[in-house]
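Under our numbering, the first residue of the sequence shown is numbered 17, with each subsequent residue one higher.
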Amino acid sequence: MPNDHAPHAQANYQVRLEWGSAGLARLAPADVVILVQTLGLSADALAAAEAGAVLPLDGLPTAALAGRASVGAAHVLIGGIRNARAVADRVLELQTARAARTSIAIIAVGYSDADTLRFAVDDLLGAGAVVAALGDVGIDHASPDAAVAGEGYRALRGAARHLLSASGTGRALAGVGRAEVVQAAAARDAASVVPAFADGAFRAA
């Protein structure tokens, strides 16, 4: 578990949630980092992994964040609504193999907007789906931040497709003819693969 007991490190909890690069730094170190950018990195990495391909880190807008995550964590995974249960199962496998409690940092990536971070409801829903799935496999010692996201997702999961489509990111994708990305991302547990970072790329774990 993290040894930083600053209040915002959520260090008393196993499952923690933060936003962007600053949030990643606040939660470091963690045994497992799960990056969630539901309609961006998560969608791209899952599409590649489901096709048996890899997603190289070079050139990705999220490359710096993924690189920093890999420095402080043994495992960097990609999660979202589409593969939340698969992510939870993978984390449970890792915890069983370690034979020790495993600290988990879920990072809702958001989007860069000039010099600030744009919080994205699509990433909050995706992160909440992962928190909820972890709870379903018994990994449920969640910080307040994570618990609110998880229970929010449970309450709204029936409307997830609509909420993703109506989000700013979803509407932007639809506007450039990529509405199918939103539909795929909203399909709960439709994917059984978990993209993991290794050797400069995301590939199926």
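Beta carbons are placed, not taken as given, at the ideal position from N, Cα and C, and that holds for glycine.
Please read all numbers here as calculations on a predicted model, not as lab measurements.
Would you be able to state if there are at least three C-beta pairs under 8 Å between the region 26-36 and the region 117-136?
They touch, by the three-pair rule.
Which residue's Cα is closest to the Cα of residue 167: 145, 197, 117?
145
If residue 119 and residue 46 are in contact, beta carbons under 8 Å, what's the gap, nearest whole angstrom?
Rounded, the Cβ-Cβ distance is 5 Å, consistent with contact.
Within its chain, find whatever has a CB closer than 8 Å to the CB of residue 161; leave out the 5 residues flanking it on each side and keep chain order.
Counting only residues of its own chain and dropping the five nearest sequence neighbours on each side, residue 161 has a CB closer than 8 Å to the CB of 26, 32, 33, 34.
Can at least three beta-carbon pairs, one atom from the region 70-83 and one from the region 202-218, be found at a separation below 8 Å?
Flag = yes, the region 70-83 and the region 202-218 touch.
With a threshold of 16 other CB atoms inside 10 Å of the CB of residue 129, please say whether the residue is buried or exposed.
exposed
Is the region 203-214 close to the region 179-190, with three or more CB pairs under 8 Å?
no
Quick one: measure Cβ to Cβ for residue 93 and residue 212, integer angstroms, because I've assumed they're closer than 8 Å.
5 Å
Determine whether the beta carbon atoms of residue 202 and residue 165 lie at a separation below 8 Å.
no
Output yes or no for whether 8 Å exceeds the beta carbon distance between residue 184 and residue 123.
Contact flag unset, no.
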